[in-house]
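Per the numbering used here, the sequence shown runs over residues 1 to 121.
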Amino acid sequence: MNDSLHFDAYPSLFEKARLLRKRSTAAEDLLWNCLRDRNLNGIKFRRQHPILTYIVDFYAHSHKLIIEVDGGYHLTKEQQEYDEGRSFELRELGLTIVRFSNDEVMYDLNYVLMRILGEIA
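Structural data, given as structure tokens:
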């Protein structure tokens, strides 16, 4: 298994990730404030992190944990099918994916943080 930080991410994704960091949603910003600077149990998280052909919202390499914050468009059938395929590929690398809706982050942040801690434990 490839244990590198980016799992051989496509070089073109790094610039796209930089742009996504500048255009983050309110929910992503709120969660990032809790995860950045090792604020959650001293764990290093990265945001808009390239892995393979994807950019994940948040990634803790030490725990092989991906956190995704999904907007309303993730409720469409096409997007759900894409997300399932993407998650399958990422799980094949030995990674764990946890998904939250924007609303969960915005209105129940304590639940989100406790669930992340539960995944880490």
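The beta-carbon is built from N, C-alpha and C at its ideal position, and this holds for glycine as well. Please read all numbers here as calculations on a predicted model, not as lab measurements.
Anticipated Cβ contact below 8 Å, A144 with H49, distance rounded = Coverage of the chain is limited to positions 1 through 121, which leaves residue 144 absent and any answer about it impossible.
request  = To the nearest angstrom, report how far apart K44 and L95 are at their CA atoms.
outcome  = Approximately 16 Å, taken between the alpha carbons.
ask   = Using CA coordinates, which residue listed in Y59, C34, A9, P11 is at the minimum distance from Y111?
value = Out of Y59, C34, A9, P11, C34 has the C-alpha closest to the C-alpha of Y111.
request  = State the beta-bridge partners of R47 as determined by DSSP.
outcome  = F58, per the DSSP bridge assignment.
request  = Round the Cβ separation of W32 and R47 to the nearest angstrom and send it over; I've been treating them as touching at under 8 Å.
outcome  = Rounded to whole angstroms, the Cβ separation of W32 and R47 is 5 Å, and the two are in contact under 8 Å.
Proximity winner among G118, N39, Y10, relative to I97 (alpha-carbon distances) = G118 is the residue among G118, N39, Y10 whose C-alpha sits nearest the C-alpha of I97.
query = Excluding sequence positions up to five away, which residues of its chain have a Cβ less than 7 Å from the Cβ of E89?
reply = Taken in chain order, the residues that qualify are L52.
inquiry  = Applying the 10 Å Cβ sphere with the 16-neighbour rule, what's the burial state of D70?
reply    = The residue is buried, with at least 16 neighbouring Cβ atoms inside 10 Å.
ask   = What is the C-beta distance between L40 and V105, in whole angstroms, given that I count them as a contact (C-beta under 8 Å)?
value = L40 to V105, Cβ: 14 Å. No contact.
query = How big is the Cα-Cα spacing for L19 and S12?
reply = When rounded, the distance between both Cα atoms is 12 Å.
inquiry  = Can you find the residues in the same chain that come closer than 7 Å, C-beta to C-beta, to S101, ignoring five residues on each side of it along the sequence?
reply    = Cβ within range, chain order: D70.
inquiry  = Taking the straight line between their C-alpha atoms, what separation do you get for Q80 and D57?
reply    = Distance from the CA atom of Q80 to the CA atom of D57, rounded to whole angstroms, is 16 Å.
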